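Those protein sequence lines, which keep their order, are chains A and B.
Residue 22 in our numbering sits at position 22 of the first sequence, with consecutive numbering throughout.
Residue 1044 in our numbering sits at position 44 of the second sequence, with consecutive numbering throughout.
All C-beta atoms in this analysis are idealised placements derived from N, C-alpha and C, irrespective of residue type, glycine included.
Nothing here was measured: the structure is a model prediction, and the numbers come from that model.
Protein chains: 2
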Amino acid sequence: MKETTIAGLAREGGVGVETVRYYQRRGLLGTPQRTGGVGLGGGIRRYGEDDIRRLRFIRTAQTAGFTLDEIGELLALDAGEDRHRAHTLARERIVALDEKIAELSAARASLLRLADACGSTSKGPCPIITAFDLE
Amino acid sequence: MKETTIAGLAREGGVGVETVRYYQRRGLLGTPQRTGGVGLGGGIRRYGEDDIRRLRFIRTAQTAGFTLDEIGELLALDAGEDRHRAHTLARERIVALDEKIAELSAARASLLRLADACGSTSKGPCPIITAFDLE
DNA sequence: ATAACATCCGTACCATGGTACGGAGTCAAG
DNA sequence: CTTGACTCCGTACCATGGTACGGATGTTAT
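Right, dumping it as structure tokens:
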């Protein structure tokens, strides 16, 4: 049971320590039990595999376009019973992703036209605005 | 030569009036000559086809992932002579777009797994975090 | 046991891309 | 020639997703 501190967790998740703390404040990550805890506030918190998985999930869900609020809901659903809600969220996001991917592909085509138009060695300005006109 | 006011320009570009003003402040859109201009500050500004094209370009360039700062550079290049710089910017963005599209496609696959796993009528929690694990 | 380093916590600040507000000026219709 | 809608302008505020600071405490290596 590999345990680590907040710095190790952050490293595993590919984020900074401050970002982990930010997620804790947002309620996306828990604040585990502290070691010993002699003083008033207690000691240092220890994190395990579950925390690492959870943090990684947050990051990949972000790339899927979920906001942190939505990710909070997903994490709640992961523990809950509402399969229908989870299914709906996933479906909605797939539709949004399909739109986004189409949008980016169209933009890519425009950029290709632009690179082509401005790639020649000929002088003068290249019609950047025009290259996007055909979208 | 269809002319319009800021509200018409905003409508054509699919943005709000305040957004147009914001772009003007950022230097992305110019502030054209005013009508009559009797008082101290002058009258109402009039916008034409070029302004509409420029505004639409800003919006589509945004969907391509350019920041407003980069769009400002592109607009400067459109008038300038630096074809090489324009070509470089376009190429860089194509690479970034390819990465982003791949990322979104992977996320889409995860969501499909998730929708599948949580779509059945069976009870209990569905493994949301796990559905993303295989990325 | 003491130095060096990490953690904890609240609070403040940051960048990006807007959105809102309020007062003054302008324009067109009745 | 007034009313009502629109414009202009500065300035303030907002949401999102962090990032930085600084003092107190905790941990660890020598």
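Whose C-alpha, out of the options, is nearest the C-alpha of residue i?
{"i": "His84(A)", "options": "Asp1116(B), Thr1031(B), Arg1046(B)", "result": "Asp1116(B)"}
{"i": "Gln62(A)", "options": "Glu1049(B), Ser1110(B), Pro1125(B), Thr1004(B)", "result": "Ser1110(B)"}
{"i": "Arg26(A)", "options": "Arg56(A), Gly16(A), Arg91(A), Ile71(A)", "result": "Ile71(A)"}
{"i": "Leu28(A)", "options": "Asp1133(B), Leu1134(B), Ile1129(B)", "result": "Ile1129(B)"}
{"i": "Ile1094(B)", "options": "Arg113(A), Ala90(A), Gly8(A)", "result": "Arg113(A)"}
{"i": "Glu1003(B)", "options": "Glu1018(B), Ile1044(B), Gly1016(B), Tyr1023(B)", "result": "Ile1044(B)"}
{"i": "Phe139(A)", "options": "Lys123(A), Gln24(A), Glu18(A), Ala90(A)", "result": "Since the first and last residues shown for chain A are 1 and 135, residue 139(A) lies out of range."}
{"i": "Pro1127(B)", "options": "Leu74(A), Asp51(A), Leu68(A), Ile6(A)", "result": "Leu74(A)"}
{"i": "Asp1050(B)", "options": "Asp1069(B), Asp1078(B), Ala1131(B)", "result": "Asp1078(B)"}
{"i": "Ser120(A)", "options": "Phe1132(B), Cys1118(B), Glu1092(B), Thr1088(B)", "result": "Thr1088(B)"}
{"i": "Arg56(A)", "options": "Ala131(A), Phe132(A), Val20(A)", "result": "Val20(A)"}
{"i": "Asp1069(B)", "options": "Tyr1023(B), Arg1011(B), Asp1082(B)", "result": "Tyr1023(B)"}
In chain B, which residues lie less than 9 angstroms from residue i when you measure between Cβ atoms?
{"i": "Arg91(A)", "result": "Leu1111, Ala1115, Gly1119"}
Just to make sure I have the definition right: I need the residues of chain A whose C-beta is within less than 8 angstroms of the C-beta of residue i. Which are they?
{"i": "Ile1128(B)", "result": "Phe57, Leu74, Leu75, Leu77, Asp78, Ala86"}
{"i": "Glu1094(B)", "result": "The sequence shown places Ile at residue 1094(B), rather than the Glu named in the question. Those within 8 angstroms of Ile1094(B) in chain A are Arg108, Leu111, Leu112, Ala115."}
{"i": "Ile1169(B)", "result": "Outside the shown range of chain B (1001 to 1135) lies residue 1169(B), about which nothing can therefore be said."}
Anything in chain B within Cβ reach of residue i, meaning under 8 angstroms, just list it in chain order.
{"i": "Glu81(A)", "result": "Lys1123, Gly1124, Pro1125"}
{"i": "Leu104(A)", "result": "Thr1063, Ala1064, Gly1065, Leu1097, Lys1100, Ile1101, Leu1104"}
{"i": "Arg54(A)", "result": "Ile1129"}
Can you round the beta-carbon distance between residue i and residue j to whole angstroms, since I take them to be within the 8 angstroms contact cut?
{"i": "Thr64(A)", "j": "Ala1107(B)", "result": "Sequence inspection shows Ala at residue 64(A); the Thr mentioned does not correspond to that position. So it is a contact: roughly 4 angstroms between Cβ atoms."}
{"i": "Gly1013(B)", "j": "Arg1059(B)", "result": "6 angstroms"}
{"i": "Arg53(A)", "j": "Pro32(A)", "result": "Their Cβ separation, rounded to whole angstroms, is 14 angstroms, which puts Arg53(A) and Pro32(A) out of contact at 8 angstroms."}
{"i": "Pro125(A)", "j": "Gly1080(B)", "result": "6 angstroms"}
{"i": "Val104(A)", "j": "Lys1100(B)", "result": "It should be noted that the sequence gives Leu, not Val, for residue 104(A). 6 angstroms between Cβ atoms; contact."}
{"i": "Val17(A)", "j": "Ile6(A)", "result": "6 angstroms"}
{"i": "Ala1076(B)", "j": "Cys118(A)", "result": "14 angstroms between Cβ atoms; not a contact."}
For the stretch 1012-1059 of chain B, which segments carrying the alpha helix (DSSP H) assignment without a break, of at least 4 residues, lie completely within its bounds, in sequence order? 1017-1026
Could you tell me which uninterrupted alpha helix (DSSP H) segments, each at least 4 residues in length, are contained entirely in the stretch 77-124 of chain A, listed from first to last along the chain? Counting only runs of at least 4 residues, the stretch 77-124 of chain A fully encloses the following alpha helix (DSSP H) elements, listed from N- to C-terminal order: 83-119.
Taking beta-carbon pairs under 8 angstroms, can you tell me which members of the stretch 58-72 of chain A lie near chain B? Thr60, Ala61, Thr63, Ala64, Gly65
Chain B contacts from the stretch 20-32 of chain A (Cβ-Cβ distance under 8 angstroms): Answer in chain order: no residues at all.
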